[in-house]
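K.L.:
Numbering (our numbering), first residue to last: 138 to 254. Glycine included, C-beta positions come from ideal geometry on N, C-alpha and C. Sharing a structure here in structure tokens format.
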């Protein structure tokens with residue numbers, strides 16, 4: 138299983154970014170709940186948003202109303218639309234399937250998001 142995140146960058150506070158996560162073979166994407174995680178400098182990795190196989194979504198309180206997770210099963214791709222970004226959103230963003238995340242498996246390189254004030 139390989140997960141490749143992209144779309145990060147440097148953005149000013151209040152700006153937007155759209156992250157993508159492409160899943161390679163080995164993961165039955167359409168049958169997998171998927172999630173975005175982030176790790177801020179000096180902190181542990183935290184769950185940001187999750188989407189189930191039935192398209193049910195949940196968000197961390199800190200991003201509710203600003204971020205939107207979505208998925209395209211035909212492209213085996215997970216997305217995270219991030220709006221009204223704030224400096225505290227800065228960090229490396231990763232995607233994973235929660236069961237694998239809990240086992241510490243299949244983490245990709247992540248994509249760096251830097252929000253300047």
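Residue 143 by DSSP, collapsed to three states: which one?
P.N.:
strand
K.L.:
Only counting the same chain, and skipping five residues up and downstream in sequence, which positions put a Cβ closer than 7 Å to that of residue 244?
P.N.:
231 and 233
K.L.:
Bridge partners of residue 173, per DSSP?
P.N.:
186 and 232
K.L.:
Is residue 208 closer than 7 Å to residue 188 when the C-beta atoms are compared?
P.N.:
yes
K.L.:
Quick one: grab the DSSP three-state call for residue 240.
P.N.:
helix
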